[in-house]
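Worksheet: one structure, shown below.
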Amino acid sequence: MSVDPMTYEAQFFGFTPQMCMLRICIAFQDYLFEVMQAVEWVILKNLDGIPDCEISPVQIHRCTEKFLSFMKGCFDNLFGKMEQLFLQLILCIPNILLPEDKYKEIHPYSEEEFQHLQKEIDQLQEKYKTELYTKQTLLAELEEQKIVQAKLKQTLALFAELQNVGRDHGTSDFRESLVSLVQNSRKLYNITDDVEKESKRLKIS
Amino acid sequence: GATVSRVKLLDTIVDTFLQKLVAAGSYQRFTDCYKHFYRLQPEMTQRIYDKFITQLQTSIREEVSEIKEEGNLEAVLNALDKIVEEGKAQKEPAWRPSGIPEMDLHSTIAPYFLQQRDTLQRCVQKQEAENRQLADAILAGRKQVEELQLQIQARQEAWQALHREQRELLAVLREP
Amino acid sequence: FDEIIVDIATKRKQYPRKILECVIKTIKAKQE
């Protein structure tokens, strides 16, 4: 006969219903025996007080045993029924979930689902790490870009300064100034040339 | 119909047990067993029997009270009544431990893992969006660097052209 | 046998909560 360990009941009560019934049974039995002992003791006490009594203590003891075995039989039979009622109606957890197991109802999770969920979490963690590394890389490049742009702007500023130098000295545009310089120097050159020719001519004359 | 509380049921069952035990151990039965003594002292027998019954019932009732006291049984049974009442709607067989703790634990832990997964998903999405912005900023920055380089190249070429012209000029100027 | 049943039942009642506390701590630590 397979024993129902009633573990779910034990989870709720903190003891097994069978153990509880055993405890009650033993206690009740002890009382029955004790009370029977007391009955026998009182009767023997009474008989002591009767002179030339024919009834011997052994007889009384036999009577007690007879009554007790009868009572014990009834007791066992009745207690069996009581135990059944206790285990079926009182010390049993019917088709419900205990509060600490509420999750089972809301989230019944099979092994596969749980593995899948854990795998999903691991993948997301990896993905998140990757994104964080990407962020570091992007930030690093942004930093680099800032430096490069600053350098390039610095170079451009130099060019602009050069430009300005020309302007500060009255020439709007460097190229034109250079062209006009070339033309002026050519004119100067020609004038020098002419002057030299004239002075030679004068010397000769 | 009306659900009887477990405590009341317990008391009723114990009372019934006692009634039947007393009915079984009737005075008739008692005197049959102690017939010599009964013939000798019928009143005393009656008194002893009454005392026997009273004492037995008292002892058993006290024991039940003690057990109720010890295991705080009334409160526990009332709590169970309440849980059963709340779970009455349960139609399909209620979950029970499978005997494989890891499996049983999954349902308890799952809500927290689901929460963790959702949080991670949000973090990943947020970080992806942030990285997209950073990537856009980088592309714009690269474009700007390119433009700056082009500008510098243009300036450099202009200066180089100028330099060439300068050299030509000098060459011209230097002509004998 | 009875003690084993009570022991298992007690663990079934208490351990999920304890394990849950550890799991929650672990998840929080990971997030941090």
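Chains as they are written, first to last, in my numbering: chain A, 793 to 997; chain S, 3 to 178; chain R, 2 to 33.
Cβ coordinates follow ideal geometry from the N, Cα and C atoms, glycine included.
Predicted, not measured: the structure shown is a model, and the values here were computed from it.
Task: Nearest to Asn74 (chain S) (by Cα), restricted to the options A:Glu904, A:Lys989, A:Phe805 - done: A:Phe805
Task: Spatial neighbours of Lys979 (chain A) in its chain, beta-carbon cut-off 6 Å, leaving aside the 5 residues before and after - done: none
Task: Partner residues on chain R for Pro797 (chain A), Cβ-Cβ distance less than 7 Å - done: Ile6
TODO: In the DSSP assignment, find the unbroken alpha helix (DSSP H) run with Asn838 (chain A) in it and report its ends.
DONE: 809-840
Open item on the list: Could you give the first and the last residue of the continuous alpha helix (DSSP H) run that contains Cys884 (chain A)?
Closed with: First-last for Cys884 (chain A): undefined, no H or E at that position.
Task: Nonlocal neighbours in the same chain, by C-beta distance under 8 Å from Phe867 (chain A), ignoring five residues either side - done: Phe820, Gln821, Leu824
Task: Between the CA atoms of Ala77 (chain S) and Glu1031 (chain A) - distance to the nearest angstrom - done: It is not possible to answer for residue 1031 (chain A), since the shown part of chain A is limited to 793 through 997.
Task: Cβ neighbour criterion (16 or more within 10 Å) applied to Asn133 (chain S) - done: buried
Task: DSSP-derived helix/strand/coil call for Glu33 (chain R) - done: coil
- [ ] Give the interface partners of Pro95 (chain S) over in chain R, defined as CB-CB distance under 9 Å, in chain order.
- [x] Within 9 Å Cβ-Cβ: nothing; Pro95 (chain S) doesn't reach chain R, min ~18 Å.
- [ ] Output, in chain order, the set of chain A residues within a Cβ distance shorter than 9 Å of Ser61 (chain S).
- [x] Ala819, Phe820, Asp822, Tyr823, Leu824, Glu826, Val827
Task: Enclosing alpha helix (DSSP H) for Lys864 (chain A) [first to last residue] - done: 849-877
- [ ] For Glu167 (chain S), return the contacting residues in chain A, with the cut-off set at a CB-CB distance below 7 Å.
- [x] Leu970
TODO: Note down, in chain order, every chain S residue with its Cβ under 7 Å from the Cβ of Asn956 (chain A).
DONE: Result: empty, since nearest Cβ-Cβ is about 13 Å, beyond 7 Å.
- [ ] Would you kindly check if the distance between the Cβ of Met811 (chain A) and the Cβ of Val16 (chain S) is under 9 Å?
- [x] no
Open item on the list: Please return the same chain residues whose Cβ sits closer than 6 Å to the Cβ of Lys864 (chain A), not counting the five positions on each side in sequence.
Closed with: none
Task: Contact under 9 Å by Cβ, Ile885 (chain A) with Glu832 (chain A) - done: no
Open item on the list: With a threshold of 8 Å, are at least 3 pairs of Cβ atoms found where one atom belongs to the stretch 107-120 of chain S and the other to the stretch 18-33 of chain R?
Closed with: yes
- [ ] Output the distance between the C-alpha atoms of Met793 (chain A) and Cys855 (chain A), rounded to the nearest integer angstrom.
- [x] Confidence at Met793 (chain A) is low in this model, with a pLDDT of 47, below 50, so its placement is unreliable and no value can be given for it.
- [ ] Could you check the C-alpha separation between Ile5 (chain R) and Arg13 (chain R) for me, to the nearest Å?
- [x] 12 Å
Open item on the list: Taking the alpha-carbon of Cys817 (chain A) as reference, which of S:Gly143, S:Trp97, S:Leu122, S:Ser61 has the nearest alpha-carbon?
Closed with: S:Ser61
TODO: Specify the secondary structure class of Met798 (chain A) as computed by DSSP and reduced to three states.
DONE: coil
- [ ] Taking only runs that begin and end inside the stretch 26-85 of chain S, name each unbroken alpha helix (DSSP H) of 4 or more residues, in chain order.
- [x] 29-35, 37-42, 44-72
Open item on the list: So that I know if they touch, is there some Cβ in chain S lying closer than 9 Å to that of Val987 (chain A)?
Closed with: no
TODO: List the whole-angstrom C-beta distance separating Leu970 (chain A) from Leu164 (chain S), where the pair is believed to meet the contact cut-off of C-beta under 8 Å.
DONE: 6 Å
TODO: Quick one: grab the DSSP three-state call for Gly101 (chain S).
DONE: coil
- [ ] Report all residues from its chain with a CB closer than 7 Å to the CB of Leu82 (chain S); omit the five preceding and five following residues, and keep chain order.
- [x] Arg8
Open item on the list: Helix, strand or coil for Gly806 (chain A)? Go by DSSP, reduced to three states.
Closed with: coil
Open item on the list: If we define contact as Cβ-Cβ less than 9 Å, is Pro103 (chain S) a contact residue for chain A?
Closed with: no
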